[in-house]
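The next block holds one structure in the form of structure tokens; read it before the comments.
In structure tokens, the structure reads:
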């Protein structure tokens, strides 16, 4: 018998208005919804500032991971969505800042837009618990 999937919830969840669970735990894995630069109050943090948005996005990732009993050291896969691939070098630096070798598997792609027009980056994560 396997463990039933478990929704991970947050107090002051900025994704709640969009009917999105922050994450799901299935067995020993945690699947995060795409995280972006949205503060706990639902406002965009760092509109027009990629570095500020990236920092807030990782803060949100860390918050959801912690609520699910995990952390950045247990991340095994990331998918990164950029609205401008010119920011890719900053993503490489972000990997060095927030992850340690061996680095997670990664897919990075450019998209025309994200869910809210002010957003410049969104990251979804799979981690072990």
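Residue numbers (the working numbering): 1 to 129. Ideal Cβ positions, reconstructed from N, Cα and C, are used throughout, including at glycine. No experiment lies behind these values; they were computed from the predicted model shown.
Which value, in whole angstroms, describes the spacing of the CA atoms of residue 17 and residue 9? Taking the straight line from one Cα to the other gives about 13 Å.
Here's the rule: buried if 16 or more other CB atoms are within 10 angstroms of the residue's CB, otherwise exposed. What is residue 1? Confidence at residue 1 is low in this model, with a pLDDT of 48, below 50, so the placement of that residue is unreliable and no value is reported for it.
Reference residue 33; option with closest CA among 100, 60, 53: For residue 33, the closest C-alpha among the options 100, 60, 53 is that of 60.
Mapping the DSSP letters down to three states, classify residue 128 as helix, strand or coil. Correct three-state label for residue 128: strand.
Among residues of its own chain, excluding the 5 on either side of residue 57, which ones have a beta-carbon nearer than 8 Å to its beta-carbon? So the list reads 35, 36, 37, 121, 122, 123, once near-sequence residues are dropped.
Helix or strand or just coil, what does DSSP make of residue 105? It is a strand residue.
Tell me whether residue 70 is buried or exposed, calling it buried when 16 or more other Cβ atoms sit within 10 Å of its Cβ. Around the CB of residue 70, 16 or more other CB atoms lie within 10 Å, so the residue is classed as buried.
Among the candidates 13, 80, 68, whose CA atom is the shortest distance from the CA of residue 111? When each option's Cα is compared against that of residue 111, the closest is 80.
Exposed or buried, residue 87, counting other C-beta atoms within 10 Å across all chains shown (16 or more means buried)? With 16 or more neighbouring CB atoms inside 10 Å of its own CB, residue 87 falls in the buried class.
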